[in-house]
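In what follows, a structure is listed as structure tokens, so that the remarks can point back to it.
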Amino acid sequence: MSQKTVLHQKHIDYGGKLVDFAGWHMPVNYGSQMDEHHQVRNDAGMFDVSHMTIVDLSGERVSEFLRYLLANDVAKLKQPGKALYSCMLRPDGGIIDDLIVYFMNDGWYRMVVNAGTRDKDIAWICEQAVSFDVGVRERDDLAMIAVQGPNAREKAVTVLPVDVVEVASQLQRFFGCDCGEWFIGRTGYTGEDGFEIMLPNSEAPALWDSLAQAGVKPCGLGARDTLRLEAGMNLYGSDMTETTTPLISGLGWTIAWEPAERDFIGRAALQRQRDEGPTQKLVGLVLEDKGVLRGHQIVIVENTGEGEITSGTYSPTLKQSIALARVPARTGDHCHVKIRGKLLNARVVKPVFVRDGKAV
Numbered sequence: 122m123s124q125k126t127v128l129h130q131k132h133i134d135y136g137g138k139l140v141d142f143a144g145w146h147m148p149v150n151y152g153s154q155m156d157e158h159h160q161v162r163n164d165a166g167m168f169d170v171s172h173m174t175i176v177d178l179s180g181e182r183v184s185e186f187l188r189y190l191l192a193n194d195v196a197k198l199k200q201p202g203k204a205l206y207s208c209m210l211r212p213d214g215g216i217i218d219d220l221i222v223y224f225m226n227d228g229w230y231r232m233v234v235n236a237g238t239r240d241k242d243i244a245w246i247c248e249q250a251v252s253f254d255v256g257v258r259e260r261d262d263l264a265m266i267a268v269q270g271p272n273a274r275e276k277a278v279t280v281l282p283v284d285v286v287e288v289a290s291q292l293q294r295f296f297g298c299d300c301g302e303w304f305i306g307r308t309g310y311t312g313e314d315g316f317e318i319m320l321p322n323s324e325a326p327a328l329w330d331s332l333a334q335a336g337v338k339p340c341g342l343g344a345r346d347t348l349r350l351e352a353g354m355n356l357y358g359s360d361m362t363e364t365t366t367p368l369i370s371g372l373g374w375t376i377a378w379e380p381a382e383r384d385f386i387g388r389a390a391l392q393r394q395r396d397e398g399p400t401q402k403l404v405g406l407v408l409e410d411k412g413v414l415r416g417h418q419i420v421i422v423e424n425t426g427e428g429e430i431t432s433g434t435y436s437p438t439l440k441q442s443i444a445l446a447r448v449p450a451r452t453g454d455h456c457h458v459k460i461r462g463k464l465l466n467a468r469v470v471k472p473v474f475v476r477d478g479k480a481v
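122 is the number of the first residue of the sequence shown in our numbering; add one for each residue after it.
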């Protein structure tokens, strides 16, 4: 049976079409996915992301623990509130999950992991934390609302509590700040500026209404997916899994190889793959013929081999079909995609299609 967020009744009230997503009853749209996509690209939209898992990690050795747990290095985080994107790996280099971690102080980090991987993530983190004497607290008392778009911050500050506005207005991109029981991160999953607001469950429905009255329109999972794909952001379970490493998932940039003496889970396996040379890579595709790119379609690279689309969609911003695809490492700037028995032409590009509302 699907779980429900504290905003479930609001989704019904605002006309959301509810579906099962990673075991949660969530809105896929509130009428038009296309309109919601453009709303975020051109103005401001909001998403209920309370199904995501917020975890607070604390203890004297918490930094040491995270430097072992994650492929990226939290030692880079010098300023309180700074966020870091990283993968959490198996010993063989497979990706358990991708996540964001905020450095709050020397004894406290806040982590946000995916909904569909919650159980295995928490179990893995707790297992590894024992030898570091690190406290692991899941914050199921908090809801989370993402407000995204070029006008998102401007509209959000008109309805946030005064003390929250004071800190939120000063936040730089990819920073977060706690304001009593509230937490504001200038982060997101759409390629647009905005906030991710964590707050007590009891206060979330009122904030949803206030944001809507301020012109921040509710948006569903459908628009969130097309927005993140245009921004070239990976989706766990599609563009990366436990059977793929960051090196073949377009996430090599999230591996902190230096300092060389830092050991982290999966490092030895990644070093072997790097030294041998990965046989695959993740690329962006733009379809040049008529059609729609979808996950699991076969990509054919002439005289090289085959690959597979991991995520594909029609891009409302570009008005073209785009995709992420895992292909042979020697793939050049052109390939074919097999759609309904036909080989259609596609251009191979860097996997970022739209940034801050503009085509890259």
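Note that CB positions come from ideal geometry on N, CA and C, so glycine has one too.
Values in this document were obtained by computation on a predicted structure and should not be read as measured data.
Nearest-angstrom beta carbon gap, residue j and residue i [assumed within contact, 8 angstroms]
{"i": "G387", "j": "P212", "result": "6 angstroms"}
{"i": "I430", "j": "L464", "result": "Incorrect: roughly 14 angstroms between the Cβ atoms, too far for contact."}
{"i": "Y357", "j": "D218", "result": "6 angstroms"}
{"i": "F142", "j": "L348", "result": "Not confirmed; about 16 angstroms, so no contact."}
{"i": "V161", "j": "Q269", "result": "5 angstroms"}
{"i": "H457", "j": "A467", "result": "7 angstroms"}
The ligand ADP heavy atom lying under 6 angstroms from the CB of residue i
{"i": "I175", "result": "In the structure shown, the ligand ADP is absent, as is every other ligand, since no ligand is present at all."}
Check whether residue i and residue j have beta carbons under 7 angstroms apart
{"i": "L263", "j": "M319", "result": "yes"}
{"i": "V67", "j": "V140", "result": "Any answer about residue 67 is impossible in this case: the structure gives the chain only from 122 up to 481."}
{"i": "S442", "j": "L408", "result": "yes"}
{"i": "I521", "j": "M354", "result": "Residue 521 cannot be examined here, being either before or after the span of the chain that is shown, 122 to 481."}
{"i": "G428", "j": "A446", "result": "yes"}
{"i": "P271", "j": "Y151", "result": "no"}
{"i": "D242", "j": "V234", "result": "yes"}
{"i": "G405", "j": "V481", "result": "no"}
{"i": "F296", "j": "G202", "result": "yes"}
{"i": "I376", "j": "R260", "result": "no"}
{"i": "L205", "j": "N193", "result": "yes"}
{"i": "F304", "j": "F253", "result": "no"}
{"i": "I369", "j": "Q401", "result": "yes"}
{"i": "L191", "j": "S171", "result": "no"}
{"i": "K131", "j": "P326", "result": "yes"}
{"i": "R307", "j": "D177", "result": "no"}
{"i": "G137", "j": "Q124", "result": "no"}
Three-state class that DSSP yields for residue i in the structure shown
{"i": "I386", "result": "coil"}
{"i": "C298", "result": "strand"}
{"i": "K197", "result": "helix"}
{"i": "F485", "result": "Given a span of 122 to 481 for the chain in the structure shown, any question on residue 485 remains unanswerable."}
{"i": "Q392", "result": "helix"}
{"i": "N163", "result": "helix"}
{"i": "G256", "result": "strand"}
{"i": "P271", "result": "coil"}
{"i": "S370", "result": "coil"}
{"i": "A480", "result": "strand"}
{"i": "V278", "result": "coil"}
{"i": "M354", "result": "coil"}
{"i": "H172", "result": "coil"}
{"i": "H129", "result": "helix"}
{"i": "A467", "result": "strand"}
Neighbourhood of residue i by C-beta, 6 angstroms cutoff - its chain only, sequence neighbours within 5 removed
{"i": "R345", "result": "F168"}
{"i": "G412", "result": "I460 and L465"}
{"i": "E302", "result": "P321"}
{"i": "A165", "result": "G270, N272, A273, K276 and V337"}
{"i": "Y550", "result": "No answer is possible for residue 550: it lies beyond the span of the chain, which begins at 122 and ends at 481."}
{"i": "Y435", "result": "V413 and S442"}
Beta bridge counterpart(s) of residue i as assigned by DSSP
{"i": "R231", "result": "D177 and Y223"}
{"i": "G426", "result": "V422"}
{"i": "W329", "result": "The partner list for W329 (beta bridge, DSSP) is empty, contrary to what the question assumes."}
{"i": "W145", "result": "Q124 and F142"}
{"i": "I305", "result": "C298 and I318"}
{"i": "R447", "result": "L403 and E429"}
{"i": "P483", "result": "Because the chain in this structure spans residues 122 to 481, residue 483 falls outside the shown range and cannot be described."}
{"i": "K203", "result": "F296"}
{"i": "Q441", "result": "S436"}
{"i": "L210", "result": "I216"}
{"i": "I266", "result": "D169 and I318"}
Residues near residue i in its chain [Cβ-Cβ closer than 7 angstroms; skip 5 each side]
{"i": "R274", "result": "D314, G315 and F316"}
{"i": "G159", "result": "The question names Gly, yet the displayed sequence has His at residue 159. So the qualifying residues of the chain are P437."}
{"i": "V251", "result": "none"}
{"i": "L198", "result": "L205 and F224"}
Contact set for residue i: own chain, Cβ-Cβ below 8 angstroms, skip 5 residues either direction
{"i": "G228", "result": "S179, G180, E181 and V183"}
{"i": "M173", "result": "V233, V234, N235, A236 and M265"}
{"i": "V280", "result": "L328, S331, L332, Q334 and A335"}
{"i": "R476", "result": "G312 and A352"}
{"i": "L391", "result": "A192, L210, G214, T366, P367, L368 and I376"}
Interface flag, residue i vs chain B, CB-CB below 7 angstroms
{"i": "G353", "result": "Here there is only one protein chain, and chain B is not present."}
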